[in-house]
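Structure first, then comments.
Residue numbers (the numbering used here): 3 to 372.
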């Protein structure tokens with residue numbers, strides 16, 4: 003036992019959250035410089051944001067439901083003896099193919115829409131359904147009983163059926179340029195209101211996730227699917243309270259869901275996974291859950307103020323071009339369409355290559371102080 007050697011370090015740079023900090027800084031800077039200030043405002047608002055919603059659905063299926071099969075862990079065949087670069091490249095190509103095929107299907111087969119705002123509204127519904135089934139319900143009752151790609155196929159069918167039913171039966175396009183077209187189903191929920199509500203609900207999915215902010219508290223002892231039922235109800239209730247309440251206070255709708263709501267999603271992810279619950283790992287269970295949430299709220303305040311300053315000129319260009327957006331829309335674009343998915347893919351697919359290996363999400367476990 004005394005002659006055992008510590009495991010060989012894989013990758014360059016610091017271990018743990020130090021590598022996550024480098025990762026975050028690089029992706030944030032690249033996201034702002036390249037994907038905000040080197041792209042035209044019209045392309046961002048009218049093309050990239052709508053298309054990336056479909057990209058997020060594809061990413062959610064590969065990571066949450068497909069467990070990164072066939073090349074990255076936990077379901078893939080990667081081992082420390084194999085190249086992380088090859089695994090990451092293969093999974094990224096699959097992600098691109100999946101996204102491209104869905105976009106082609108939506109453009110030319112069903113529903114036949116050109117890429118634009120419709121993809122944004124419908125995409126948010128699909129993204130919400132993907133995360134509800136993948137993050138909250140964990141693919142229940144099929145995951146672990148079928149092949150990862152069979153699981154993805156089952157989930158994709160469920161997500162699309164639910165999304166299409168909601169779109170056709172519950173939404174209306176009043177107040178949009180498409181209000182007087184046959185596409186308007188004239189349901190009870192306005193698409194702009196529904197978009198804000200679903201983003202806020204997704205935010206609470208992340209907060210109560212078993213691996214992010216609260217690490218499943220207060221539902222961790224409820225079993226499955228008991229915990230999923232509790233999380234589903236509470237997340238949608240809080241989503242409604244925060245969305246309706248912020249509008250009632252007179253806050254800008256885009257500030258509420260796009261700046262604050264999306265930042266809650268983003269920092270639940272980054273602080274919990276990439277920064278490994280920085281500052282709160284000495285606590286366990288309830289104390290860690292509450293402390294993590296408080297720290298994330300403080301970070302969100304700083305982040306939103308900072309992003310408004312940095313993205314302000316680009317936001318003014320969006321407004322000057324009379325596009326449907328503002329600086330808050332650029333914040334959600336950066337959080338959820340660029341930096342967030344890049345960080346997830348870099349951890350899940352690329353295993354943080356060429357930096358050191360990331361720890362699994364949810365590390366350390368809620369009952370283990372560190």
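Using N, Cα and C, we set each Cβ at its ideal position, and we do this for glycine too.
- Alpha-carbon spacing of residue 222 relative to residue 30, whole angstroms: Put simply, the backbone Cα of residue 222 is about 33 Å away from that of residue 30.
- Message: Check this for me: beta carbons of residue 155 and residue 350, under 8 Å apart or not?
- Response: no
- Query: Count the other CB atoms within 10 Å of the CB of residue 203; is the residue buried (16 or more) or exposed (fewer)?
  - Reply: Buried, by the Cβ-count rule.
- Query: Among the residues of its own chain, which have a CB less than 7 Å from the CB of residue 51, if the five just before and after it don't count?
  - Reply: So the qualifying residues of the chain are 122, 335, 339.
- residue 234 versus residue 207 - alpha carbon distance: For residue 234 and residue 207, the distance between alpha carbons rounds to 8 Å.
- Query: Rounded C-beta distance between residue 169 and residue 127? I'm assuming under 8 Å.
  - Reply: Confirmed, Cβ separation roughly 6 Å.
- Message: In this structure, how does DSSP classify residue 173 when only helix, strand and coil are distinguished?
- Response: strand
- Query: To the nearest angstrom, how far is it from the Cα of residue 91 to the Cα of residue 104?
  - Reply: 20 Å
- Work out the CA separation of residue 182 and residue 298 for me, nearest whole Å. 42 Å
- Query: Using the C-alpha atoms, what's the distance from residue 199 back to residue 265?
  - Reply: Cα to Cα, residue 265 sits roughly 15 Å from residue 199.
- Query: Hey, is the region 98-116 in contact with the region 138-150, meaning 3+ C-beta pairs nearer than 8 Å?
  - Reply: no
- Who are the near neighbours of residue 366 in its chain, counting only those whose CB is closer than 8 Å to its CB and skipping five residues on each side? 278, 279, 283, 372
- Item | Proximity of residue 197 and residue 187 at Cβ, strictly below 8 Å | Cβ distance not < 8 Å, so residue 197 and residue 187 don't count as in contact.
- Query: Using 8 Å as the threshold, is the region 313-333 in touch with the region 61-81, meaning 3 or more CB pairs across them?
  - Reply: no
- Query: Taking Cβ to Cβ, would you say residue 254 is nearer than 8 Å to residue 330?
  - Reply: Cβ distance < 8 Å, so residue 254 and residue 330 count as in contact.
- Terminal residues of the continuous alpha helix (DSSP H) containing residue 283? That residue, residue 283, is in no alpha helix (DSSP H); it is neither H nor E in DSSP.
- With 16 as the cutoff for other CB atoms within 10 Å, does residue 81 come out buried or exposed? exposed
- Task: Could you check if residue 66 is buried or exposed, using at least 16 other CB atoms within 10 Å of its CB as the buried criterion?
- Result: buried
- Task: Within 10 angstroms of the Cβ of residue 242, are there 16 or more other Cβ atoms? Answer buried if so, exposed if not.
- Result: exposed
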